[in-house]
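Visitor: Using UniProt numbering, count along the first sequence one by one with no gaps and you end on 930.
Just so you know, even glycine gets a beta-carbon here, dropped at the ideal spot from N, CA and C.
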Amino acid sequence: MKYKDTLNLGKTKFPMRGSLPKTEPERQAKWYANDLYHERLTQNETKPHFNLHDGPPYANGNIHLGHALNKISKDIIVRYKNMTGFYAPYVPGWDTHGLPIEQQLTKAGHDRKSMPKYAWRNLARDFALEQVKKQRQDFKRLGVLADWDKPYITLQPEFEAAQIRVFGDMADKGYIFKGAKPVYWSWSSESALAEAEIEYHDIESTSLFYANRVKDGKGILDNNTYLIVWTTTPFTITASRGITLGPDFEYAVVQPANDDRKFVVAAGLLAESAERFGWNDYEVVATHLGKELDRITAQHPWDQNVEELVMNADHVTLDSGTGLVHTAPGFGEDDYNVGKAYGLPADVTVDAKGFMTSEAGPDLEGKFYDDVVDIVIDKLKRANLWMATEKITHSYPFDWRTKKPIIWRAVPQWFASVDQFRQDILDQIDQVNFYPEWGKKRLYNMIRDRGDWVISRQRVWGVPLPIFYAEDGTAILDRDIIEHIAQLFEKHGSNYWFEHSAQELLPEGYTNEHSPNGEFTKEEDIMDVWFDSGSSWNGVLNTRSELDYPADVYLEGSDQYRGWFNSSLITSVAVNGVAPYKNVISQGFTMDQNGNKMSKSLGNTISPLEVADKMGIEILRLWTVTVDTSADMPVSNDILKQVSESYRKIRNTLRFLLANTTDFNPETDSVAYDDLAAHDQYFYTLLNELVKDVRQAYDTYQFKAVFNRLINFINVDLSAFYLDIAKDVVYVEAPTGHVRRSMQTVFYKTLLDLVKLLLPILPHTAEEVWEYLPHENEAFAYLADMPEVENLTGAEELLARWHQFMKLRDSVNKALEQARVNELIGKNSEAALTLFVTDEQEALLNSLNADVRLILMTSQLHVYPANQAENATDYDGFLINVAHAKGAVSPRDRMYHEDLGADPAFPELSKHEAEIIREFYPEALEEGFE
RNA sequence: GGGCCUGUAGCUCAGUUGGUUAGAGCACUGUGUUGAUAACGCAGGGGUCACAGGUUCGAGUCCCGUCAGGCCCA
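Below you can see the structure in the form of structure tokens.
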């Protein structure tokens, strides 16, 4: 017989290495084969609800790290909540309408103009659903457990109907109105363009300087004063309605010697203006700040009916021109904004094809906008207002498809008024909890400063605006009609709008006084996609029975303060007066190791699926809890490698615990807390603290605190301390004896608690361990509940005592290390330790009531009063002497003993070991040892 | 240009209401084990807390500015 056969060495088939890339997909297949998602929900049916509402990713393209972080974070929350007494469903969603999908179709060779709208939309729908399918496959590979078979998709008829109803309610409250706003307009394709459809080229333009005669100078400027403005788009002078100044810039009133008129230019641009306009000799007769000239008026260069208003805005610069900007609200975004603030109309004098309209005046009507420069100059010269003409080269937007330049042009748009209920929204923001807290400020400022919401888009792929027009052009926004449309969409989907005429869409027998002949037309614009996803509280939370409105949590990237957090809030407050969420969690963006953003051109991107294939998705999931998700997060292969080291540590520790509890049956072998050995009681208490801290961190969405606490516990408390001393107990002591069972009791609880606490983060690993726990009843670890925090009496004092003792242990380790350096000992068991203790230290040791020699892992320990110290070294207040242990080594426990052979039958073993052998391995008496 | 945010050891993070020699884990170096072994233990080196001012008896912590980086706007 071998001595080794009388030891209880750990035994498990749980592999040291996870082979994660291979085993994860197999494990996930098992989850779905057993419908683990619904299984857990069914188990929680009667529990309080916790509802995390998934923000819909856009159904286009491969998933990237941002997607992965988002879905994994949500999975962690949902899994945790389901394991802590909540019914927490997770319904994933997709955002499917919008321009990028239309662009994909174009790229694939489809021509939108060669087919009816409904046909184009069918192509878009098929494409979107294909993307949803692909992304869903990839999201599942992340280990995210959700209702993947029944996601919400914004193109689903029931979603579209719910969205129409949100619009209907807002219209009913008078929040929807029609206005005009400049958009990128391509005359060559006769349509509005999105930012993404524009490319910039350098072109040479004619820029004009001209003067505007002051009409009402408000007592500051007289009528012989002229405001000199600058424009690079001469045709827009036809729609010029104002002149914008920087409020804090200084403006000079100049009297040139060679002119009897006075002119106004920015003081900072006076010198170059003088040169440009040929003022060889001039005098500055006054200066005024822009804000002092506010609301002065000037005469339009040639249109006697137009009085231009002087306005102030911050977009004015002194980079070029004169510091006075001619303002045509119908032809520019800045112009529109400032004009709106001053109540000016957004007049448009160019038609859809780029030709001047009658409003441009008889000299220009019918001319192409780009051909009117000479006429405009001529008109200015005849009015004696022309000052200078220059050629400039600048970057100008072009239609990416026709390669022709575009213009800004106001077109009719539908708006949702934010002004009317802005204060309600702000009040609701105050009711919401934000993680991190600054999110409240950020969202608040955005809502406070934003303008009305332009909800119409001149595109095809989206939910139509359910608006009709009577014969005289009156828009019909009627609650009953909109509900009628919602019902049609619910049944047929929104393509119905494009497949049928206005008459067919209206309720049978509908009449309207504005349509004496009973004829109607329908709106052709669609809704902004943000209105789609912004309606999800109605399209999903109010539509699916397992969900609740408002939701407990929305969690997205910080770009969504402008996006989904924003649009959802507006529609929800507009309709119901409440925010759609109680908590908002926002996350930063993933950066490379140097803190720079990831981009394909820099080659610093990391694909989540590649990580899954090479290292396992558990590594990426673990990464998400090592970083501060409230700010930007660094990722690189080196960082992931570091994370995988942590994973290995976790895995190996679980493995050791498993290996040493295989012969332990918790039902029959457990030792009660009060009967545990002192060191086990201590560790039990430490574990309880861990559970407390980790649960609290989970409850407040502090995942990196979860990780830090767990990894420190595993490294410091478990691996370096408890498991290290454990080997002298668990391997050596009697297999069913009290000391061993005591420790195994704590091992087993540690193992179970760790597996559960880790599960939301590492579900694959947790489930793998679970397969090695035959005494647990749940078929999956995920069906178990989180460990509860116990109220252990006297825990605080116990921890304080041991905390003190650990300082002694540190000192002992240093002493032993010194002895090792001096080649007095090799391993700790070769040492005989002598402590010379103060009264206080002695009291501490006694109060522990513990086997101190065992915990310090030496073969022999002696304790004497400090005043008897001899050959002792002071290690941080502890007097310690290390000597070589006396006696000889037992081949079985490898410790030094002075009583080897006390039992003559076993000359190489100590008395204690001999007793264990006689009781548990009596065959050794016959066989002897090799 | 504006709103919001970030910047502590090579890496990822802690640093409570400003108060003793700034901490942890990983990595690194040395070393011990070889009964957690493509593992484990012990010890050690490593930081002018982005930079420059200011408030204070005292600042990683508060204030101002600069630089670098990020999200969203213009």
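State the start and end residues of the unbroken alpha helix (DSSP H) segment that holds residue 939.
Guide: For the chain, the structure presents residues 1 to 930; residue 939 sits outside this window and is missing.
Visitor: Which runs of the alpha helix (DSSP H) spanning at least 4 residues fall entirely within the region 634 to 671, listed in chain order?
Guide: Whole alpha helix (DSSP H) segments, 4+ residues: 637 to 659 and 666 to 669.
Visitor: Could you give the residue range of the beta strand (DSSP E) that holds residue 311?
Guide: Its beta strand (DSSP E) spans residues 307 to 312.
Visitor: State the DSSP-derived secondary structure class of residue 418, mapped to helix, strand or coil.
Guide: coil
Visitor: Could you say which of 569, 307 and 192 lies nearest to residue 401 if we only look at CA atoms?
Guide: 192
Visitor: Please work out which residues of its chain come closer than 7 Å, Cβ to Cβ, to residue 690, disregarding the five sequence neighbours upstream and downstream, and give them in chain order.
Guide: Setting aside the 5 residues that flank it on each side, residue 690 is surrounded in the same chain by 709 and 713, each with a C-beta closer than 7 Å to its C-beta; the list follows chain order.
Visitor: Measure the alpha-carbon distance for residue 111 versus residue 126 and round it to whole angstroms.
Guide: 16 Å
Visitor: Could you tell me the distance, in whole angstroms, from the CA atom of residue 819 to the CA atom of residue 841?
Guide: 23 Å
Visitor: Considering just the uninterrupted stretch of the beta strand (DSSP E) at residue 283, what are its terminal residues?
Guide: 282 to 289
Visitor: Could you check the C-alpha separation between residue 711 and residue 590 for me, to the nearest Å?
Guide: Their Cα atoms are separated by approximately 23 Å.
Visitor: Assuming residue 570 contacts residue 425 under a Cβ cut-off of 8 Å, what Cβ separation, rounded to an integer in Å, is found between them?
Guide: Confirmed, Cβ separation roughly 6 Å.
Visitor: I'd like the ranges of any alpha helix (DSSP H) spanning at least 4 consecutive residues and lying wholly in the region 404 to 473.
Guide: As far as the region 404 to 473 is concerned, its whole alpha helix (DSSP H) runs of at least 4 residues are 422 to 431 and 438 to 449.
Visitor: Between 890, 337 and 837, which lies nearest to residue 870 when the distance is taken from Cα to Cα?
Guide: 837
Visitor: Where residue 548 and residue 315 are concerned, what is the direct C-alpha to C-alpha distance, given to the nearest angstrom?
Guide: 45 Å
Visitor: Is it true that the region 644 to 657 meets the region 758 to 776, where meeting means three or more beta-carbon pairs spaced less than 8 Å apart?
Guide: yes
Visitor: Pull the bridge partners of residue 974 from the DSSP assignment, please.
Guide: This structure gives no information on residue 974, because the portion of the chain shown stretches from 1 to 930.
Visitor: Check this for me: beta carbons of residue 489 and residue 164, under 7 Å apart or not?
Guide: yes
Visitor: So what does DSSP say about residue 591, is it helix, strand or coil?
Guide: strand
Visitor: Starting from the Cα of residue 183, find the closest Cα among 883, 504 and 407 and give me that residue.
Guide: 407
Visitor: Let me make sure I understand the geometry here. Which of 450, 162, 436 and 342 has the alpha-carbon closest to that of residue 628?
Guide: 436
Visitor: Whose C-alpha, out of 854, 732, 702 and 190, is nearest the C-alpha of residue 587?
Guide: 702
Visitor: Going by the beta-carbon positions, is the gap between residue 620 and residue 611 smaller than 7 Å?
Guide: It is a contact, given that the beta carbons lie within the stated cut-off.
Visitor: Does the region 799 to 818 come into contact with the region 859 to 868, if we say contact requires no fewer than three beta-carbon pairs (one atom in each stretch) closer than 8 Å?
Guide: By the C-beta criterion, the region 799 to 818 is judged not to be in contact with the region 859 to 868, since fewer than 3 inter-stretch pairs fall below 8 Å.
Visitor: Could you pull the DSSP bridge partners for residue 912 from this structure?
Guide: Partner(s): none; residue 912 has no beta bridge.
Visitor: State buried or exposed for residue 115, treating a residue as buried only when at least 16 other CB atoms are found within 10 Å of its CB.
Guide: exposed
Visitor: Per DSSP, what kind of secondary structure is residue 856 in: helix, strand or coil?
Guide: If DSSP states are grouped into helix, strand and coil, residue 856 belongs with the helices.
Visitor: In this structure, what does DSSP give as the bridge partners for residue 816?
Guide: Beta-bridge pairing links residue 816 to no other residue.
Visitor: Look at residue 748 and residue 664 and say whether their C-beta atoms are less than 7 Å apart.
Guide: yes
Visitor: Per DSSP, which residues does residue 326 bridge with? Please list them.
Guide: 243
Visitor: Taking residue 338 as the reference, give the member of 367, 365 and 295 with the closest Cα.
Guide: 295
Visitor: So, under 8 Å CB-CB, residue 220 and residue 324 are touching, yes? Tell me the CB distance rounded to an integer number of Å.
Guide: That pair is no contact at about 15 Å.
Visitor: Among all the DSSP beta bridges, which residues are the ones paired with residue 179?
Guide: Note: residue 179 sits in a beta bridge opposite 413.
Visitor: Are residue 187 and residue 354 touching if we call contact CB-CB under 7 Å?
Guide: yes
Visitor: By DSSP's criteria, residue 385 is part of a beta bridge. Which residues make up the other side?
Guide: Note: residue 385 sits in no beta bridge, so no partner.
Visitor: Pairs of beta-carbons, one from the region 367 to 374 and one from the region 147 to 162, closer than 8 Å: are there three or more?
Guide: No, the region 367 to 374 is not in contact with the region 147 to 162.
Visitor: When the Cβ atoms of the region 198 to 211 are set against those of the region 386 to 402, are three or more pairs found closer than 8 Å?
Guide: For the pair of segments examined, the region 198 to 211 was found to touch the region 386 to 402: the number of CB pairs separated by less than 8 Å reaches three.
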